[in-house]
Structures are given as C-alpha cells and as structure tokens.
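Chemist:
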Amino acid sequence: MEKGSDQALELPVLSQVGRDPEMARAWPDWLRWCIVGLLVAIASTAIYYGLQLREYAFVSTTGYHFNGDVNNGFEWGQRGKATGLFQIYDARGVAGSNLDYTPLRLAVVTAWVAWEQRIDPNIRGWSDSYEITSPMLHLNTLAELVSSVFVFLLIRMWVIRMDDANRPIDSSPRPFRGVIQGMIGAAFLWFNPAVLWDGHCWPQWDVWVVPFFVAALWLACVDWWFAAGACIVVGAFLKGQMLLGAPVLILWPLFSFRFGAVLRLISGLTFTTAVVVFPWMRPERPEMTWYFSMLVGLALTIPLVFNWRIHWSLLLGSGIAAAIFVWPWQAIGSPQMHFLPLLIVAGVSLARILPRRVVPHVYALAIGLTILLMMPLYGASSSWYAIGFEHGSMKYDGMLTGGGTFNLAALLSRSWRTVVDPNELLHLPFTGRLVTYRVLMGLIYAICVALCAIGAAIHDRRKDVRFLVAMAAPWTIFYVLMVQMHGRYLLWGAAMSALLIGVSFGMGFIAIIISIIAFLGMFLNQYTIYRYWDSTTVRTIQQVHPHLGWMLLLACAVLLYMAILPRSRVT
Numbered sequence: 000m001e002k003g004s005d006q007a008l009e010l011p012v013l014s015q016v017g018r019d020p021e022m023a024r025a026w027p028d029w030l031r032w033c034i035v036g037l038l039v040a041i042a043s044t045a046i047y048y049g050l051q052l053r054e055y056a057f058v059s060t061t062g063y064h065f066n067g068d069v070n071n072g073f074e075w076g077q078r079g080k081a082t083g084l085f086q087i088y089d090a091r092g093v094a095g096s097n098l099d100y101t102p103l104r105l106a107v108v109t110a111w112v113a114w115e116q117r118i119d120p121n122i123r124g125w126s127d128s129y130e131i132t133s134p135m136l137h138l139n140t141l142a143e144l145v146s147s148v149f150v151f152l153l154i155r156m157w158v159i160r161m162d163d164a165n166r167p168i169d170s171s172p173r174p175f176r177g178v179i180q181g182m183i184g185a186a187f188l189w190f191n192p193a194v195l196w197d198g199h200c201w202p203q204w205d206v207w208v209v210p211f212f213v214a215a216l217w218l219a220c221v222d223w224w225f226a227a228g229a230c231i232v233v234g235a236f237l238k239g240q241m242l243l244g245a246p247v248l249i250l251w252p253l254f255s256f257r258f259g260a261v262l263r264l265i266s267g268l269t270f271t272t273a274v275v276v277f278p279w280m281r282p283e284r285p286e287m288t289w290y291f292s293m294l295v296g297l298a299l300t301i302p303l304v305f306n307w308r309i310h311w312s313l314l315l316g317s318g319i320a321a322a323i324f325v326w327p328w329q330a331i332g333s334p335q336m337h338f339l340p341l342l343i344v345a346g347v348s349l350a351r352i353l354p355r356r357v358v359p360h361v362y363a364l365a366i367g368l369t370i371l372l373m374m375p376l377y378g379a380s381s382s383w384y385a386i387g388f389e390h391g392s393m394k395y396d397g398m399l400t401g402g403g404t405f406n407l408a409a410l411l412s413r414s415w416r417t418v419v420d421p422n423e424l425l426h427l428p429f430t431g432r433l434v435t436y437r438v439l440m441g442l443i444y445a446i447c448v449a450l451c452a453i454g455a456a457i458h459d460r461r462k463d464v465r466f467l468v469a470m471a472a473p474w475t476i477f478y479v480l481m482v483q484m485h486g487r488y489l490l491w492g493a494a495m496s497a498l499l500i501g502v503s504f505g506m507g508f509i510a511i512i513i514s515i516i517a518f519l520g521m522f523l524n525q526y527t528i529y530r531y532w533d534s535t536t537v538r539t540i541q542q543v544h545p546h547l548g549w550m551l552l553l554a555c556a557v558l559l560y561m562a563i564l565p566r567s568r569v570t
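Its first residue numbered 0, the sequence shown is counted upward by one per residue in numbering that gives the first Met the number 0.
1) Quick check on DSSP: helix, strand or coil for valine 464?
2) Going by DSSP, which residues form a beta bridge with histidine 337?
3) Tell me where the alpha helix (DSSP H) around leucine 410 begins and ends.
4) In whole angstroms, what is the alpha-carbon distance linking aspartate 162 and proline 172?
5) What span of residues does the alpha helix (DSSP H) with threonine 288 cover, start to end?
6) Could you check the C-alpha separation between histidine 551 and histidine 199 for me, to the nearest Å?
7) Decide if serine 312 is buried, meaning its Cβ has at least 16 other Cβ atoms within 10 Å, or exposed.
8) Give the straight-line distance between the Cα atoms of phenylalanine 324 and serine 382, rounded to the nearest whole angstrom.
9) Near glutamate 1, what residues of its chain come up, given a Cβ to Cβ distance below 6 Å and the 5 sequence neighbours on each side ignored?
10) Is the beta carbon of tyrosine 377 less than 8 Å from the beta carbon of tryptophan 289?
11) Suppose you measure from the CA of arginine 104 to the CA of valine 208; what does that come to, to the nearest Å?
12) Rounded to the nearest angstrom, what separates histidine 544 and isoleucine 513 at their Cα positions?
13) Just to check my reading of the structure: leucine 372 and valine 361 have Cβ atoms closer than 8 Å, yes? What is that Cβ distance to the nearest angstrom?
14) Out of Glu143, Ser567, Gln525, Val304, point me to the one whose CA is closest to methionine 495's CA.
15) Please report the distance separating the alpha-carbon of leucine 339 from that of arginine 461.
16) Assuming isoleucine 453 contacts isoleucine 563 (C-beta within less than 8 Å), just tell me the rounded distance between them.
17) Please report the distance separating the alpha-carbon of arginine 566 from that of valine 502.
18) Between which two residues does the beta strand (DSSP E) containing leucine 424 stretch?
19) With H, G and I counted as helix, E and B as strand and the rest as coil, what does DSSP make of valine 572?
20) Quick check on the burial criterion: 16 or more other C-beta atoms within 10 angstroms. Buried or exposed for threonine 109?
21) Can you tell me where the beta strand (DSSP E) holding valine 434 begins and where it ends?
22) From alanine 164 to leucine 152, what does the alpha carbon distance come to, in whole angstroms?
23) Taking only the alpha-carbon atoms, compute the straight-line gap between glutamate 9 and tryptophan 26 and give it to the nearest angstrom.
24) Using beta-carbon positions only, say whether leucine 50 and leucine 195 come within less than 8 Å of one another.
25) Alpha carbon to alpha carbon, what distance is there between arginine 155 and isoleucine 46?
26) CB-CB under 7 Å to serine 96, same chain, minus the five flanking residues each way: which ones, in chain order?
27) Where does methionine 374 fall in DSSP's three states?
28) If you draw a straight line from the C-alpha of glycine 441 to the C-alpha of glutamate 389, how long is it?
29) Return the CA-CA distance between valine 107 and proline 282, expressed in angstroms with no decimal places.
30) If I measure Cβ to Cβ from phenylalanine 149 and keep anything under 7 Å in the same chain, skipping five residues before and after, which residues do I get?
31) Are the stretch 253-270 and the stretch 328-338 touching, with three or more C-beta to C-beta distances below 8 Å?
32) Do you know offhand how far alanine 409's Cα is from leucine 248's?
33) Among Gly507, Gln542, Ala193, which residue has its Cα nearest to the Cα of leucine 558?
34) Between Ala379, Gly296, Arg263, Ile319, which has its C-alpha nearest arginine 355's C-alpha?
35) Over the uninterrupted alpha helix (DSSP H) stretch that includes arginine 117, give me the two end residues.
36) Since valine 206 and leucine 490 are thought to touch, with beta carbons under 8 Å apart, how far apart are those beta carbons, to the nearest angstrom?
Here it is in structure tokens:
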C-alpha cells in the first residue's frame, strides 16, 4: 500500500516535466510574443536589405561581369528552343561541342529564352543588362533565400536535439532554443560575400545546388529519405557537382546501420532519376510496350508481397505470367541483360519480408530501374548522360580549370612545381603500385567522405550538433583535394559552412575564413580574365595566391577532426 502511495505522489511530479512554474513566471506570454515579433522584424529587414543588395551588386558591377557563362547559357537556351529541348542532346553537331549542361539546367535556360522572346520577339542574344539577366538573378536569389531558411531549420533542430539529450529530464527547456544560432547561420549565408559575388557579380548559377542539398539533409533528419533522394537528384541534374558532396548524405545511414533508410534513399534517387531523364531518353514503341508489360508483371507480384490468402495455383500462375510479361522479347541488348527484368521482379517479390511502409519504395525502385533499363536493353538515348555529365567532367583535363584557385593542386603545380599534370603517375603508399595523381586524390577524398559519414553516424546517435560539421566538411575538402577545380567552386564550401555557425564560435570563425578565401578566389579569377580592377588591390591578392591554400588545408584538417571526434560525455 505504501508503495502505491509513493507512486501516486510521484505522478503529479512527472506530469510537470516541461512546465516549470518559475520559467512560466519568468517568460510571460506577452514577452514571448514581443520577442517573436522582434525576431520576425529582424528577419524581414534582413531579407529586404538582402534583396536590395543583390540588385545593387549586379548593377554596380555592370561591365565587369564574366560574359562567357551567361552568353553560353543563353545561346544553348536558344538552340534548345529551336531544336527541341528533348532532342538537342541527339542533334547533329552537338556531340563534342561546348554543351556540358545537365538536363534540368538546359531546361531552365531554354525556359529563360522562351520568357525573353515573349517579351521581345526580336531578341538575338544576351546583353549585359539587368532586365535580360533578371530571371536568372531571381532564381539565384530564390535559391539563396530557400537555403537560408533550411540552414535556420537545421541549426535549430540540432541545437534542440542536443539540448534534449543533455538536459536533465526534470528540467524545462529554455525558450527559443537554437533560434538565435539559426538566424545568425541563415544571415551568414544570405549575406555571404562569396554567394553574392558568384550569383550576382559573376554571375553564375552554382548556388542552385545549395538549397537542394540542405533540403535533402533536413528531410533525411526528419526521416523522409525518399524525398531526400529526390532532392539530391534534382540538384545533380541542375549542377553535376552535387555528386561530389552528396555521398556523405548517402553513407551516413549506411554507417548508422539504418538499412531501411538506405533503401528508401536509393529508391528516391533511382525513381527521380528515371522520371527526370525519361523525356530525354526518347523511348519509342518497343520500349513503351515493354515498359507497360513490366508494370503488369510488377502488379502480378502484389498478392505475393502482401501475402494475400489465395490458392497456390493462382500464385504460381501469377509468377509464370509475370515472367512472360517482363521478358524483353524485342530487346537488342546482350542475352545476359535479358535476365535483369526477371531479377527485378524476383527482388520485388522478396519485399514480403520487409516492413509494410518500405514496400511502396521497393516498387518505386523497380519502376525506376525499369525505365533506366530501356537504354541497355532497347538502345534508348543516353546522350543526356554522355554530354550533360560525362563530357563536362572530361573536357578540361588539367590540374586547374581557372585562376584564383587556392587548393593543394595549385600549391603543388605553382609553388612547388612537383606535380603539374593530373595524369602524372605516383606511387600509391603502402602498395608499391603506380596511380595517377587524379586517382590518388580521389581515393584520399573518398576516405575523407567515409570518415565524415562515420562521424555523422556517431554524432547522430549522440544527438550532437557536430553532425552539421560532418555534413558541411566534404564541400570544402573536395575543393582542396581534387583536381580540375575552378576558383569559384569554393562557393559551395562557403555556403555550406553556414551550418558551422550552430556548432560553436570557433567553427563560425572557420566559416568566415572559408568564405573570405572563396570571395578572393572569384575576385582574382575575374581580374585575370578581364584585368579591369585596381592593380594595387589585385597585386595584394596575387601575393597570397596560392598560399592561402595552406590556410584552407588547415581549415579542412580542423573540420575533419571535428567531424570525426565524438564530444566527451559529462558524467
């Protein structure tokens, strides 16, 4: 009886967790609403002046813009509209040209040209004016604003998670947790000089990658893995460099042994890829006939997957019918490829052992694979990959692809002059084998990404905000290590470093260093092209080029250390 009385006395105490009367008296409702109003006013003011600053940045640098990229985009938009957006990759004379646009970027520039031609039917090309460039500039602004919002959400989410993990269970959470850090991180990206210069003074469309990565990261953190995979694909089909930083997001659930999340992520990646490229594959009647037959075959697996209680003869008949439907009778691919549809159907049938919530993702994965198999089986067009992705990664076969690059390749080729060719053979440590410098740097970067993913898994388990360091670090590390880096590619490291603001003051200082170096690299790169800038300013920057790469190497070492090292637990 006494034991029951003790429990009865404890229940009211437990019910008060999160409702500290002292905290309630310290933060009355009117004060909370006043603070919310103040924060909204600050955010609105920042957005307004950020919009004004972007227009001023473009107008004040008119005449100094790098015209090559924008001209090229407008030209391919015109050709895409004239030839046909979904036919241009296969058009005569395109292969081997300077077209290296991924499908969605090509779609955007084609829509841009169509918009301008509706306003002025006589327009023949791009001119350096705000009116013509405004659609591209507005897209950059939208990408930067959306990125800032997701940076705020991510920082706030992880500050709250860490506080909940470390706060005593009988204490109340403090008000507005993570809000200040999140707003500072969002403002850091919104007013980042590297982001502003790349998107509105260069101008370029590199920032389009950022909102899709941070959105994918936020979606993964709330367990929406399929949507996260879709975001990664859309970002990659706008700028292929997404595929350099995104692997850390894919490896994180793998090292966390969350295989269901891995399956849902891969399903989102595959299905979205197939949906996006389907028009550019230009399937014809044989492919479409087999595609719909494959859908029928997959539908015949539903009774087995959901374990319907039907006679075994009907199940056997469904299996035989599925095999008949999915067999690619008119395929031109190798005989071994003919068995892949059977393997897909067999794999889907095994989904009966998986949790029910995963089954739709299995079917989405199967449908995506079916669409992509049209290329090897029926010869559907794969020019979208060869020209949009592969050509762009191979057309510049040098250590660097532009001036103003502060990385290891620049240090080795310009300061030490020990390696001047990315295809130069070097000894692979501990093996005695010869590999090219390009391959060696790729291996080192892959190891760094794997370490960041392992660190992310550890920090995720501990609910540590250092998780954000593990996600942001690869975007700076790949710039520092890899070859064929353009000076402006550090933009992604500068933008993603906004996540570091939520970790600590020291990490915020690292973010500032990365952003300044990224800005200086783009500034110097434009000078080396046009030589318009004040010579004293440029000479000062040139004196530290490429030696600022040493500072970036040190910053990468700190980021990698913080991404991997678990925080000491307080006992």
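Virtual Cβ for every residue (Gly too), placed ideally from N, Cα, C.
Modeler: Let's see:
1) Here residue 464 is taken as the residue at index 465 of the sequence shown, counted from 1. Reduced to three states, the DSSP call for valine 464 is coil.
2) Here residue 337 corresponds to residue number 338 of the sequence shown, with the count starting at 1. None, per the DSSP bridge assignment.
3) Translated into the one-based positions of the sequence shown, residue 410 becomes position 411. Segment: none, leucine 410 is in no alpha helix (DSSP H) and carries neither H nor E.
4) One-based indexing of the sequence shown puts residue 162 at position 163. One-based indexing of the sequence shown puts residue 172 at position 173. If I take the Cα positions, the gap works out to 8 Å.
5) Looking up residue 288 in the sequence shown gives position 289. Where threonine 288 is concerned, the enclosing alpha helix (DSSP H) stretches over 284-298.
6) Translated into the one-based positions of the sequence shown, residue 551 becomes position 552. Translated into the one-based positions of the sequence shown, residue 199 becomes position 200. Sequence inspection shows leucine at residue 551; the histidine mentioned does not correspond to that position. If I take the Cα positions, the gap works out to 25 Å.
7) Within the sequence shown, numbered from 1, the residue matching residue 312 stands at position 313. Its Cβ having fewer than 16 others within 10 Å, serine 312 is exposed.
8) Position 325 of the sequence shown, counted from the first residue, corresponds to residue 324. Position 383 of the sequence shown, counted from the first residue, corresponds to residue 382. For phenylalanine 324 and serine 382, the distance between alpha carbons rounds to 28 Å.
9) Position 2 of the sequence shown holds residue 1. Any reading at glutamate 1 must be qualified, since the residue scores a pLDDT of 40, below 50, and its modelled position is unreliable; the value itself is stated next. So the list is empty, once near-sequence residues are dropped.
10) In the sequence shown, residue 377 corresponds to position 378, counting from 1. In the sequence shown, residue 289 corresponds to position 290, counting from 1. The answer is yes: Cβ separation under 8 Å.
11) What you label residue 104 is simply residue 105 of the sequence shown in a count that begins at 1. What you label residue 208 is simply residue 209 of the sequence shown in a count that begins at 1. Going by the C-alpha atoms only, they are around 11 Å apart.
12) Locating residue 544 in the sequence shown gives position 545, where the first residue counts as 1. Locating residue 513 in the sequence shown gives position 514, where the first residue counts as 1. Their Cα atoms are separated by approximately 15 Å.
13) On the sequence shown, position 373 is the one that residue 372 refers to. On the sequence shown, position 362 is the one that residue 361 refers to. Actually they are not in contact, since the Cβ atoms of leucine 372 and valine 361 sit about 16 Å apart, beyond 8 Å.
14) One-based indexing of the sequence shown puts residue 495 at position 496. The residue with the shortest Cα to Cα distance from methionine 495 is Glu143.
15) Residue 339 sits at position 340 when you count from the first residue of the sequence shown. Residue 461 sits at position 462 when you count from the first residue of the sequence shown. Rounded to the nearest angstrom, the two C-alpha atoms are 41 Å apart.
16) Translated into the one-based positions of the sequence shown, residue 453 becomes position 454. Translated into the one-based positions of the sequence shown, residue 563 becomes position 564. Right, their Cβ atoms sit about 7 Å apart.
17) For the purposes of this step, residue 566 is taken as residue 567 along the sequence shown, with counting starting at 1. For the purposes of this step, residue 502 is taken as residue 503 along the sequence shown, with counting starting at 1. Cα to Cα, arginine 566 sits roughly 12 Å from valine 502.
18) Mapped onto the sequence shown, residue 424 falls at position 425. Counting along the chain, the beta strand (DSSP E) containing leucine 424 begins and ends at 424-426.
19) Any answer about residue 572 is impossible in this case: the structure gives the chain only from 0 up to 570.
20) Counting from one through the sequence shown, the residue named residue 109 turns up at place 110. Threonine 109 comes out buried.
21) For this step, residue 434 is matched to residue 435 along the sequence shown. Run containing valine 434: 433-435, per the beta strand (DSSP E) assignment.
22) Taking the sequence shown and counting its residues from 1, the one referred to as residue 164 is at position 165. Taking the sequence shown and counting its residues from 1, the one referred to as residue 152 is at position 153. Looking at the two C-alpha atoms, the distance is approximately 18 Å.
23) What you label residue 9 is simply residue 10 of the sequence shown in a count that begins at 1. What you label residue 26 is simply residue 27 of the sequence shown in a count that begins at 1. A caution first: glutamate 9 carries a pLDDT of 37, below 50, which makes its placement in the model unreliable, though a value can still be read off. Going by the C-alpha atoms only, they are around 26 Å apart.
24) Here residue 50 refers to the residue found at position 51 of the sequence shown. Here residue 195 refers to the residue found at position 196 of the sequence shown. Cβ distance not < 8 Å, so leucine 50 and leucine 195 don't count as in contact.
25) Working through the sequence shown from its first residue, we reach residue 46 at position 47. Working through the sequence shown from its first residue, we reach residue 155 at position 156. Approximately 19 Å, taken between the alpha carbons.
26) Translated into positions along the sequence shown, residue 96 becomes position 97. For serine 96, where only same-chain residues beyond five positions count, there are no Cβ hits under 7 Å.
27) Here residue 374 refers to the residue found at position 375 of the sequence shown. Correct three-state label for methionine 374: helix.
28) Numbered from 1 along the sequence shown, position 442 holds the residue referred to as residue 441. Numbered from 1 along the sequence shown, position 390 holds the residue referred to as residue 389. So the two alpha carbons sit approximately 16 Å from each other.
29) Within the sequence shown, the letter at position 108 stands for residue 107. Within the sequence shown, the letter at position 283 stands for residue 282. Distance between the alpha carbons of valine 107 and proline 282 is about 22 Å.
30) Taking the sequence shown and counting its residues from 1, the one referred to as residue 149 is at position 150. Cβ neighbours of phenylalanine 149 beyond the five flanking positions: Pro210, Val213, Ala214, Trp217.
31) no
32) Reading the sequence shown from its first residue, position 410 is the one you call residue 409. Reading the sequence shown from its first residue, position 249 is the one you call residue 248. One C-alpha to the other measures close to 28 Å.
33) Here residue 558 corresponds to residue number 559 of the sequence shown, with the count starting at 1. Leucine 558 has its Cα closest to that of Gly507, out of Gly507, Gln542, Ala193.
34) Within the sequence shown, residue 355 is the residue found at index 356, counting from 1. For the residues Ala379, Gly296, Arg263, Ile319, the minimum Cα distance to arginine 355 belongs to Arg263.
35) For the purposes of this step, residue 117 is taken as residue 118 along the sequence shown, with counting starting at 1. Looking at the DSSP string, the run of the alpha helix (DSSP H) that includes arginine 117 is 102-118.
36) On the sequence shown, residue 206 is found 207 positions in, with the first residue counted as 1. On the sequence shown, residue 490 is found 491 positions in, with the first residue counted as 1. The pair is a contact, with the Cβ atoms about 7 Å apart (cut-off 8 Å).
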